[in-house]
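The structure appears right after this line, and notes come after that.
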Amino acid sequence: MDNYSVQTSEAVNQEQVALEKANFRLFYLPSYSPGLSAIEPIWQTLKHHEMQTRSYSDLATMKSAVETALERKAHTLKDRNVETRTYCARPLIAEFIPAAL
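Sequential numbering of the sequence shown, starting at 1, is according to this note's numbering.
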């Protein structure tokens, strides 16, 4: 995981023991390491190719654009036989867009 504050929060730290008992181990990447993160090339493609327009009139339009771009990218990866497990985050991203505003 990257070092985004949500992923290093006290709540995550408190669950560390329970996660380890369930055979989950959290690995944090160095501060800036896009080469170690498999999702970075996907985000770059979304940002620079799938969603070049980044100014939206309202939240619903922006949310729809994000959903469409993620779906389009998921289909592209599936067509290339690339595992799309990273898209399990798609509903979370859509859910937290309002919280980021």
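Glycine is no exception: its CB is placed at the ideal position from the N, C-alpha and C atoms.
Problem - Alpha-carbon spacing of VAL12 relative to THR76, whole angstroms - result: Roughly 33 Å between the two C-alpha positions.
Practice task
Given a cut-off of 8 Å, decide if ALA69 and GLU50 are closer than it, judged by their beta-carbon atoms.
Solution key: A contact, by the Cβ cut-off of 8 Å.
Problem - Straight-line gap, TRP43 to ALA18 (C-alpha atoms, nearest Å) - result: Each residue's alpha carbon lies about 31 Å from the other.
Practice task
Report the three-state DSSP secondary structure of ASN109 (helix, strand or coil).
Solution key: Since the first and last residues shown for the chain are 1 and 101, residue 109 lies out of range.
Exercise for the section: With DSSP collapsed to three states, give me the class of LEU19. Expected result: Helix, per DSSP.
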